[in-house]
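Residue numbers (my numbering): 120 to 465. C-beta: ideal position from N, C-alpha, C; glycine also.
And the structure:
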């Protein structure tokens, strides 16, 4: 009886294990079939966009693929993955073929309709796909999603607008910054292209964005555009310490030799953070005019300023190395001697 009592639970356990193993195997088989279908579908897009077939045949195939994507989440995901790797629509004679197929297949209308879907995932996917496919008016259609109730949709909208890369998209992102709809960091990281320079420069004079100027300065520096130099130099004289810090950092990212005088002035700023950014930027510029001031700031009251000044001197080549050796042995300030010796050791 005892053996029989043990045998029944053991048999039940083995049966349960077999069922679970079967479910795992079935799931793997299903996933494998889905992946094969996705690969075939992506290859069909590539073949239809490639040379070789008559235009009518390629247009019909593209239209069929677009029609299938209007009602298939998986087909849209495949197209989105392909669009992230390729430049779509193609920037050559195939562009009209691609655009017409999306329109005739109903995908363009379906994606714009999906921007108002009940499911957050559908809204976010539609925003990204509309931008990736370069649909006309995608920037204006996606912009309202910056105020979406779902944070993932708002994140998708910020990314989509950066993909659109138009001035209208930049204005929408700046409006989201003003209304605090999206975290400032997320907005700034999407305003790094040349498309954003004009709107950012205009935003500096908008009273409603006055409190956001530090973030505007950050974004201007990330664009790498020389047009940002003069506004950032002006912001170095702002009353707000945060504005001066981010302006100095942004100016340093531009890496323009013409900014050297501005950085020399910033080395005398009352804010240690501004002086630190200025010393770092002068090291990157490697302008020997900065040598006397950098030597003076080896004894700065801030450890970070001393450290960055020493690093900047080391970047100045032979003249900087000679100054560091002299400071390491003869400087009356112990902190300056320590920083100089550390920079030489590195």
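Query	Result
Contact set for residue 254: own chain, Cβ-Cβ below 6 Å, skip 5 residues either direction	227
Cβ contact check for the region 283–303 and the region 219–235: 3 or more pairs under 8 Å	no
Buried or exposed (CB count within 10 angstroms, at least 16 for buried), residue 215	exposed
Burial state of residue 298 (16 or more Cβ within 10 Å)	exposed
Segment limits, alpha helix (DSSP H) that includes residue 438	437–449
Local conformation of residue 428 per DSSP, three classes	helix
Supposed contact pair residue 207 and residue 185 - C-beta distance, whole angstroms, cut 8 Å	Not confirmed; about 12 Å, so no contact.
Nearest-angstrom Cα separation, counted from residue 315 out to residue 246	19 Å
Cβ pair residue 474, residue 409 closer than 8 Å	It is not possible to answer for residue 474, since the shown part of the chain is limited to 120 through 465.
8 Å contact criterion, which residue 429 and residue 443 should meet: CB distance rounded	7 Å
Rounded C-alpha distance that separates residue 383 from residue 413	9 Å
Residue 247, enclosing alpha helix (DSSP H) - first and last residue	239–251
Contained alpha helix (DSSP H) runs [length at least 4] in the region 254–303, N- to C-terminal order	257–261, 270–283 and 286–298
Residue 355 - containing alpha helix (DSSP H), residue span	Premise fails: residue 355 is in no alpha helix (DSSP H) and is neither H nor E.
Proximity of residue 373 and residue 348 at Cβ, strictly below 8 Å	yes
Residue range of the unbroken alpha helix (DSSP H) whose run includes residue 204	192–204
Burial state of residue 436, where buried means 16 or more other Cβ atoms lie within 10 Å	exposed
Proximity below 8 Å, CB of residue 264 to CB of residue 273	yes
Residue 270, buried or exposed, once every other Cβ within 10 Å from all chains shown has been counted against 16	exposed
Residue closest to residue 262, alpha-carbon to alpha-carbon, out of 238, 287 and 197	287
Exposure of residue 446, with buried meaning 16 or more beta-carbon neighbours within 10 Å	buried
Nearest neighbour of residue 386, chosen from 380, 394 and 379 [CA to CA]	394
Where residue 422 falls, given that 16 or more other Cβ within 10 Å makes a residue buried	exposed
Member of 344, 345, 326 and 320 whose CA lies at the smallest distance from the CA of residue 335	320
As assigned by DSSP and simplified to three states, the class of residue 457	helix
Complete alpha helix (DSSP H) runs within the region 365–401 (minimum length 4 residues, chain order)	379–385
CB of residue 326 within 8 Å of CB of residue 339, strictly	no
Alpha carbon of residue 194 to alpha carbon of residue 179, nearest angstrom	17 Å
Alpha-carbon spacing of residue 103 relative to residue 242, whole angstroms	No statement about residue 103 is possible, as the shown extent of the chain runs from 120 to 465 and does not include it.
Residue environment, residue 224, which counts as buried when at least 16 other CB atoms sit within 10 Å	buried
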